[in-house]
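Residue numbers (our numbering), protein chains in the order written: chain Y, 1 to 308; chain Z, 1 to 308. Notes follow the structure.
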């Protein structure tokens with residue numbers, strides 16, 4: 001009998017899902033808009049319908065289980081979504097609801113950064129690592145850790161919050177209320193805010209004179225094209241990211257630090273100066289590699305399926 | 001037959017050593033000045049002599065082995081002291097020399113912060129932890145990690161360098177060449193330099209008007225006694241230390257963070273505001289405890305013995 005796993009990656013905009021075979025090769029995929037203002041029962045019913053669509057060609061008995069990746073904090077038992085503000089879920093019993101809607105199969109839930117880390121560990125750039133980290137640079141800064149050859153969910157089961165390591169105390173305000181968190185300085189959001197604050201030269205041109213049009217990519221593209229203002233912003237960004245990566249390496253001595261998320265799309269334009277910056281800041285003479293994450297947006301759903 | 005272990009803690013001033021029984025209760029102890037400007041062979045001969053003194057009352061066959069804690073970086077195989085500047089050892093083959101001088105028994109070497117962590121884990125405040133950290137606040141800032149219930153020596157075997165996590169990029173220069181490392185801001189050295197830089201009021205009195213007399217304790221005692229200058233320095237110190245501890249917790253979600261070293265002697269005058277500061281900066285609603293280390297200066301030699 002074949003055994004299939006299904007992974008859901010719930011985001012504030014879409015729910016992405018895929019079914020995988022035993023080798024975790026993709027069999028089918030699906031994406032639907034996230035139903036805003038729904039409770040966990042409505043969302044769970046939707047997940048159940050999606051599961052049936054994904055597995056339409058397959059004997060129900062062949063479905064091993066369903067993994068659900070959620071963008072937020074989860075209690076240590078993996079049952080309650082403590083806080084996923086993009087979904088509007090606070091202290092929400094998503095696992096219980098999902099189990100009720102999909103009875104008879106295994107259901108498990110994990111944080112989306114952990115899911116992506118698990119995916120990179122099994123099929124991506126962290127493959128073969130005993131100790132590795134994934135950093136995702138998007139609207140926020142997330143990440144996950146592989147320690148002793150398995151996913152590490154924090155010593156008390158609360159997860160890992162790399163985005164809230166403090167790299168510049170007394171620095172910029174973070175969404176969490178602190179100052180100088182990595183998330184405040186290494187997110188796409190920081191690049192955007194800086195591009196808007198320094199709205200001149202090529203950045204202004206590229207955004208057709210409208211600040212609202214400035215994206216992280218705008219700033220990066222202008223820096224690539226040689227605009228001095230954009231280049232200075234990007235240099236500062238790389239310096240902050242270098243501090244974060246160096247701190248992670250100085251604490252964990254990781255073999256590989258994988259970097260994913262939107263900003264990592266800058267490619268070697270980011271990775272080359274980043275490696276140089278981190279090397280300067282690392283305490284160890286030699287240290288692990290800093291490599292682009294491999295699985296992109298599919299990492300969340302693959303990792304969710306792998307978690308089963 | 002009984003089995004004894006011997007632990008050496010080599011420091012730039014003294015070599016401390018103790019012999020322990022099977023329960024790691026101390027049987028005998030010894031301390032001699034560190035012979036400056038000696039090579040690893042001369043030091044190893046001294047260690048061998050010390051071993052014989054410690055074990056004078058014991059059958060040689062009952063000596064299980066010898067552990068050596070070294071204040072510096074060690075290669076991933078635990079053989080070479082890469083850099084222990086207080087000892088004048090650079091790329092020095094201490095393990096080989098010690099094995100030659102103490103043939104017939106097991107000899108192993110580890111970093112002194114790792115040794116202290118192992119001791120706190122086995123007989124101190126980290127006992128029973130699955131995930132815990134020890135931070136030592138002295139001339140520098142060191143520390144070690146317990147992960148998955150055992151000593152973690154870094155993903156590539158390079159150790160753990162908590163003192164070089166960056167908490168204030170663009171901040172004060174660190175001895176390592178970077179800026180804003182925890183060591184630059186959370187060491188006793190920082191308290192001393194600030195006390196000398198703000199040489200006034202009670203600090204000046206306590207030091208008899210001589211800057212050279214200012215110690216970390218001077219600043220702490222003056223802060224305790226209500227001196228405003230000293231209190232402001234200490235408050236800034238607690239804030240920096242809070243950033244470091246919060247970063248470690250946000251990355252590891254440790255169950256216990258133990259704090260030792262000279263500055264921890266300030267007791268609850270340090271721990272109370274530190275806990276408050278860390279709680280404010282922690283991403284998790286609830287988090288691990290921040291507790292004073294238990295074993296003091298004996299942690300290094302006990303940990304070395306435990307490492308065998």
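Don't be surprised by glycine CBs; every beta carbon is placed ideally from N, CA and C.
Would you kindly check if the distance between the Cβ of residue 308(Y) and the Cβ of residue 115(Y) is under 8 angstroms?
For this step, residue 115(Y) is matched to residue 115 along the first chain. For this step, residue 308(Y) is matched to residue 308 along the first chain. For residue 115(Y) and residue 308(Y), no; Cβs fall outside 8 angstroms.
Are the Cβ atoms of residue 5(Y) and residue 305(Y) separated by less than 8 angstroms?
As a first step, residue 5(Y) must be located in the first chain, where it is residue number 5. As a first step, residue 305(Y) must be located in the first chain, where it is residue number 305. Cβ atoms of residue 5(Y) and residue 305(Y): closer than 8 angstroms.
Write down the C-beta distance between residue 60(Z) and residue 106(Z) rounded to the nearest angstrom, noting that I regard them as a contact closer than 8 angstroms.
By 1-based counting over the second chain, the position of residue 60(Z) is 60. By 1-based counting over the second chain, the position of residue 106(Z) is 106. In fact, because the Cβ distance is near 13 angstroms, the residues do not count as touching under 8 angstroms.
Whole angstroms are fine: how far does the CA of residue 296(Y) sit from the CA of residue 262(Y)?
For the purposes of this step, residue 262(Y) is taken as the residue at position 262 of the first chain. For the purposes of this step, residue 296(Y) is taken as the residue at position 296 of the first chain. Each residue's Cα considered, the two are about 9 angstroms apart.
Please indicate yes or no: does the CB of residue 120(Z) lie closer than 7 angstroms to some heavy atom of the ligand FAD?
In the structure on display, the ligand FAD does not appear, and there are no ligands present to speak of.
Are there 16 or more other CB atoms within 10 angstroms of the CB of residue 131(Y), so buried, or fewer, so exposed?
Counting from 1 along the first chain, the entry for residue 131(Y) is found at position 131. So residue 131(Y) ends up on the buried side.
What residues of chain Z sit near residue 125(Y), judged by a beta carbon separation below 8 angstroms?
Taking the first chain and counting its residues from 1, the one referred to as residue 125(Y) is at position 125. Here the premise fails: no neighbours, minimum Cβ distance about 15 angstroms.
Can you tell me whether DSSP reads residue 256(Z) as helix, strand or coil?
Numbered from its first residue, the second chain carries residue 256(Z) at position 256. Three-state result, residue 256(Z): strand.
Compile a chain-ordered list of the residues in the region 251-262 of chain Z whose CB is closer than 7 angstroms to at least one CB of chain Y.
Here the close residues are 251, 252, 253, 254 and 255.
Could you tell me whether any Cβ in chain Z is nearer than 8 angstroms to the Cβ of residue 131(Y)?
Stepping through the first chain from its first residue, residue 131(Y) is reached at position 131. Taking Cβ atoms only, chain Z reaches closer than 8 angstroms to residue 131(Y), which makes this a yes.
Does the distance from the C-beta atom of residue 180(Y) to that of residue 168(Y) stay below 8 angstroms?
Translated into the one-based positions of the first chain, residue 180(Y) becomes position 180. Translated into the one-based positions of the first chain, residue 168(Y) becomes position 168. Yes. Within cutoff.
Are the CB atoms of residue 281(Y) and residue 82(Z) within a distance shorter than 8 angstroms?
Taking the first residue of the second chain as 1, we reach residue 82(Z) at position 82. Taking the first residue of the first chain as 1, we reach residue 281(Y) at position 281. Their beta carbons are not under 8 angstroms apart, which means residue 82(Z) does not touch residue 281(Y) by this criterion.
For residue 176(Y) and chain Z, any beta-carbon pair shorter than 8 angstroms?
Position 176 of the first chain holds residue 176(Y). Yes, residue 176(Y) lies at the interface with chain Z (some Cβ there is under 8 angstroms from its Cβ).
Are the beta-carbon atoms of residue 288(Y) and residue 254(Y) separated by less than 8 angstroms?
Taking the first chain and counting its residues from 1, the one referred to as residue 288(Y) is at position 288. Taking the first chain and counting its residues from 1, the one referred to as residue 254(Y) is at position 254. Yes, these two residues count as a Cβ contact at 8 angstroms.
Would you mind sorting residue 148(Y) into buried or exposed? The rule is 16 or more other CB atoms within 10 Å of its CB.
Here residue 148(Y) corresponds to residue number 148 of the first chain, with the count starting at 1. Looking at its Cβ environment, which holds fewer than 16 other Cβ atoms inside 10 Å, residue 148(Y) is exposed.
Taking only the alpha-carbon atoms, compute the straight-line gap between residue 97(Y) and residue 150(Y) and give it to the nearest angstrom.
Translated into positions along the first chain, residue 97(Y) becomes position 97. Translated into positions along the first chain, residue 150(Y) becomes position 150. Computed Cα separation, rounded: 28 angstroms.
Under three-state DSSP, which class holds residue 20(Y)?
Counted from its first residue, the first chain places residue 20(Y) at position 20. In this structure, residue 20(Y) counts as strand in the three-state DSSP scheme.
At the 8 angstroms Cβ level, is residue 274(Z) part of the contact set with chain Y, yes or no?
As a working mapping, residue 274(Z) is identified with position 274 in the second chain. No - not a single Cβ of chain Y is within 8 angstroms of the one on residue 274(Z).
From the DSSP output, in three-state form, read off residue 66(Z) for me.
Taking the second chain and counting its residues from 1, one reaches residue 66(Z) at position 66. Strand, per DSSP.
Residue 203(Z) to residue 236(Y), Cα distance in whole Å?
Stepping through the second chain from its first residue, residue 203(Z) is reached at position 203. Stepping through the first chain from its first residue, residue 236(Y) is reached at position 236. Their backbone Cα atoms lie some 39 angstroms apart in a straight line.
Secondary structure at residue 134(Y), three-state DSSP: helix, strand or coil?
Reading the first chain from its first residue, position 134 is the one you call residue 134(Y). Strand at residue 134(Y).
To which residues does DSSP link residue 109(Y) through a beta bridge?
Within the first chain, the letter at position 109 stands for residue 109(Y). Residue 109(Y) is bridged to 68(Y).
Is residue 166(Z) close to chain Y, meaning its C-beta is less than 8 angstroms from at least one C-beta of that chain?
What you label residue 166(Z) is simply residue 166 of the second chain in a count that begins at 1. Yes, residue 166(Z) counts as interfacial toward chain Y.
Excluding the 5 residues flanking residue 22(Z) on each side, which residues of the same chain have their C-beta closer than 6 angstroms to its C-beta?
Counted from its first residue, the second chain places residue 22(Z) at position 22. Hits under 6 angstroms: 3.
So, for residue 290(Y): in the same chain, excluding its five sequence neighbours on each side, which residues have a beta-carbon less than 7 angstroms away from its beta-carbon?
The count along the first chain starts at 1 and reaches residue 290(Y) at position 290. These residues qualify, in order along the chain: 245, 257, 259, 271, 274, 275 and 278.
In the DSSP assignment, find the unbroken beta strand (DSSP E) run with residue 142(Y) in it and report its ends.
In the first chain, the residue the question calls residue 142(Y) occupies position 142. From DSSP, the beta strand (DSSP E) with residue 142(Y) extends over 141-147.
Who are the near neighbours of residue 41(Z) in its chain, counting only those whose CB is closer than 6 angstroms to its CB and skipping five residues on each side?
As a first step, residue 41(Z) must be located in the second chain, where it is residue number 41. Closer than 6 angstroms at the Cβ level, and outside the excluded window around residue 41(Z), lie 97.
Would you list, in chain order, the members of the region 104-122 of chain Z that have their beta-carbon closer than 8 angstroms to a beta-carbon of chain Y?
Correct list: empty, as no residue qualifies.
Flag this pair as yes or no: are the beta carbons of residue 87(Z) and residue 34(Z) separated by less than 8 angstroms?
The residue labelled residue 87(Z) in the question sits at position 87 within the second chain. The residue labelled residue 34(Z) in the question sits at position 34 within the second chain. In this structure, residue 34(Z) lies closer than 8 angstroms to residue 87(Z) by Cβ.
Could you tell me which uninterrupted beta strand (DSSP E) segments, each at least 3 residues in length, are contained entirely in the region 71-101 of chain Y, listed from first to last along the chain?
For the region 71-101 of chain Y, whole beta strand (DSSP E) runs of length 3 or above, ordered along the chain, are 81-84 and 89-92.
Note the first and the last residue of the continuous alpha helix (DSSP H) segment covering residue 278(Z).
As a working mapping, residue 278(Z) is identified with position 278 in the second chain. Run containing residue 278(Z): 268-281, per the alpha helix (DSSP H) assignment.
What separation, rounded to the nearest whole angstrom, lies between the Cα atoms of residue 170(Z) and residue 248(Z)?
As a working mapping, residue 170(Z) is identified with position 170 in the second chain. As a working mapping, residue 248(Z) is identified with position 248 in the second chain. Going by the C-alpha atoms only, they are around 20 angstroms apart.
Would you mind telling me which residues of chain Z sit closer than 9 angstroms to residue 288(Y), beta carbon to beta carbon, in chain order?
Your numbering for residue 288(Y) matches position 288 in the first chain. Result: 155 and 156.
Does residue 172(Y) have its Cβ less than 8 angstroms from a Cβ in chain Z?
Taking the first chain and counting its residues from 1, one reaches residue 172(Y) at position 172. No, no contact with chain Z.
Kindly indicate which residue of 138(Z), 145(Z) and 216(Z) has the alpha-carbon position closest to the one of residue 125(Z).
Working through the second chain from its first residue, we reach residue 125(Z) at position 125. Of 138(Z), 145(Z) and 216(Z), the residue nearest in Cα terms is 145(Z).
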